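What follows is a short report on a single structure.
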Amino acid sequence: MSAAETAPKPSRWHVALRQITTGGAAISVLSVVLALIAGSVLIAITNESVQSAAGYFFARPMDTVAAVWDAVSGAYAALFRGAVFNPNASGFAAQIRPLTESLKFATPLIAAGLGVGLAFRAGLFNIGGQGQMLRAAAGAGYVGAYLDLPVGLHLLVAVVAGVVAGGIWAGIAGYLKARTGAHEVILTIMLNNIALYLLAWMLATQGILQAPGSNNPKTAPMAETALLPNLLGDRFNLHAGFILALVAVAFTWWLLERSSLGFRLRAVGENPHAARAAGISVSRSYVIVMVIAGGLVGVAGVSQVLGTVPTGFGGDIDAGMGFDAITVALLGRSSPIGILGAGILFGAFKAGGFSMQAAEQVPNEVVLVVQSLIVLFIAAPPLVRAIFRLPDPAQPRARKRGRHAKAVTV
Numbered sequence: 005m006s007a008a009e010t011a012p013k014p015s016r017w018h019v020a021l022r023q024i025t026t027g028g029a030a031i032s033v034l035s036v037v038l039a040l041i042a043g044s045v046l047i048a049i050t051n052e053s054v055q056s057a058a059g060y061f062f063a064r065p066m067d068t069v070a071a072v073w074d075a076v077s078g079a080y081a082a083l084f085r086g087a088v089f090n091p092n093a094s095g096f097a098a099q100i101r102p103l104t105e106s107l108k109f110a111t112p113l114i115a116a117g118l119g120v121g122l123a124f125r126a127g128l129f130n131i132g133g134q135g136q137m138l139r140a141a142a143g144a145g146y147v148g149a150y151l152d153l154p155v156g157l158h159l160l161v162a163v164v165a166g167v168v169a170g171g172i173w174a175g176i177a178g179y180l181k182a183r184t185g186a187h188e189v190i191l192t193i194m195l196n197n198i199a200l201y202l203l204a205w206m207l208a209t210q211g212i213l214q215a216p217g218s219n220n221p222k223t224a225p226m227a228e229t230a231l232l233p234n235l236l237g238d239r240f241n242l243h244a245g246f247i248l249a250l251v252a253v254a255f256t257w258w259l260l261e262r263s264s265l266g267f268r269l270r271a272v273g274e275n276p277h278a279a280r281a282a283g284i285s286v287s288r289s290y291v292i293v294m295v296i297a298g299g300l301v302g303v304a305g306v307s308q309v310l311g312t313v314p315t316g317f318g319g320d321i322d323a324g325m326g327f328d329a330i331t332v333a334l335l336g337r338s339s340p341i342g343i344l345g346a347g348i349l350f351g352a353f354k355a356g357g358f359s360m361q362a363a364e365q366v367p368n369e370v371v372l373v374v375q376s377l378i379v380l381f382i383a384a385p386p387l388v389r390a391i392f393r394l395p396d397p398a399q400p401r402a403r404k405r406g407r408h409a410k411a412v413t414v
């Protein structure tokens, strides 16, 4: 009997986390469908026309049905026009502008989602995306705004500074987890708060991040030599941060699927006890994966300060994306390709939500509810299987083992 076979089994919480973060793609797709259906209900019950028609439902029920259809179809049509393609705009460039906005919003979500998803694959719950983004923004922002470097080198140094800052900040949690056994959730929550208040102090202090001659807690604009260039010209807001996110996706895929380090990280995520028995240093793996995860989240902070908000930033630069990244990683099932798709979907939600609110007076909070419901359904695979009557993938194996045991008994 091998050492791996005699190693203790992982805890039920570890198994539950692995099932939630690495489950089937069908559950993710159906979770989105269920969330959109629930969003339709919210849109209908908050619509004034539907409420008016419901007052005489028993006299003319089809009026209510028509009002519900108009409200829901109009809202999602506006969402599509604001996120993918607007056929009502004049000129092809204006028609595809919504898609570029979706990709712009998706850029930091993809990068941060990769950082969260990579930690998931190693069995760690990295919810420190906010702090890692803020530290990356501080590093890249200081280099971008206050250092005078040649063209090309300036942008490179700013990007590296942000990625390294994010990696170091996450590495602190990984090191404490490895050395003391402290839970990474508590560590990353505390580091989020520390990063938030540390950035607030830096933004309020002359000579660090605060713009010279200003009393506002905001940095100076980024230098022209440190800006991420626009990919499609000045008419669009999509910048080269999206290319950085795609590079991060390719790197993460290679790391997990083609490298020996990725194999060790995945082994630790599947069963740390068996991995330790097989000679893998679990403690070292925790530190390494958190450093890399923080660097990936750092790409999100870099894209924000050097591309999306180059005019200077304040303490709200993360815009909640550190926590949205958890949703993206869950929806993408911690797979780099899945996270890419989930990030684009949530970027479309953000871009289209504004259009839906402006065109149909649908509260933007409906989009937030849909996103939250996606997480709820992803975290409850048995509920999704019960609603759609999907088979449980564990049952065939259980029946097979039962038949085998019966045959042995006979």
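Here my numbering is used: position 124 in the sequence shown is 128, and no number is missing along the way. Where a beta carbon is used, it is the ideal one built from N, C-alpha and C, also for glycine. Predicted model only: the values in this text are computed from it and were never measured.
- Taking a C-beta distance under 7 Å as the contact criterion, Val286 and Gly166 do not qualify as a contact pair.
- Counting only runs that start and end inside the stretch 229–288, the alpha helix (DSSP H) elements of at least 4 residues fall at 245–262, 264–274, 276–281.
- Ala244 is not a Cβ neighbour of Ala115, given a cutoff of 7 Å.
- Going by DSSP, His158 is part of the alpha helix (DSSP H) stretching over 157–184.
- With a beta-carbon spacing of about 33 Å, Leu236 and Pro221 fall beyond the 8 Å limit used to define contacts.
- Between the alpha carbons of Ala141 and Val163 lies a distance of about 10 Å.
- Taking the Cα positions, Arg288 is about 45 Å away from Asp238.
- In the three-state reduction of the DSSP assignment, Gln136 falls in the helix class, which pools H, G and I.
- In the three-state reduction of the DSSP assignment, Gln214 falls in the strand class.
- Classified as buried, Arg268 has 16 or more neighbouring CB atoms from the shown chains inside 10 Å of its CB.
- Around the Cβ of Glu188, a 10 Å sphere holds 16 or more other Cβ atoms; the residue is buried.
- In this structure, DSSP gives Pro65 a helical state, which the three-state scheme calls helix.
- Look at Ser94 here: in three-state DSSP terms it is coil, with no helix or strand label.
- DSSP, reduced to helix, strand and coil, places Ser56 within a helical segment of the structure shown.
- Take the alpha-carbon of Ala48 and the one of Gly357: they are about 16 Å apart.
- Around the beta carbon of Met294, 16 or more other beta carbons lie within 10 angstroms, which makes this residue buried.
- Annotation: Gln365 is outside any alpha helix (DSSP H) and is labelled neither H nor E by DSSP.
- Of the residues Trp173, Gln365, Phe240, Val33, the one whose Cα lies closest to the Cα of Lys108 is Phe240.
- In terms of Cβ geometry, Gly148 and Leu310 form a close pair [threshold 7 Å].
- By the 16-neighbour rule on beta-carbons within 10 angstroms, Gln375 is buried.
- Residues of the same chain with a CB within less than 7 Å of the CB of Ile193, apart from the 5 flanking positions on each side, are Ile131 in chain order.
- Contact annotation: Val332 and Gly127 have beta-carbon atoms that are not nearer than 7 Å.
- Going by beta carbons, Gln134 and Asp322 fall inside the 7 Å limit.
- Closest in C-alpha terms to Val253, from the list Ser32, Leu138, Ile348, comes Ile348.
- Note that the stretch 60–72 does not touch the stretch 336–346; fewer than 3 beta-carbon pairs, one per stretch, sit closer than 8 Å.
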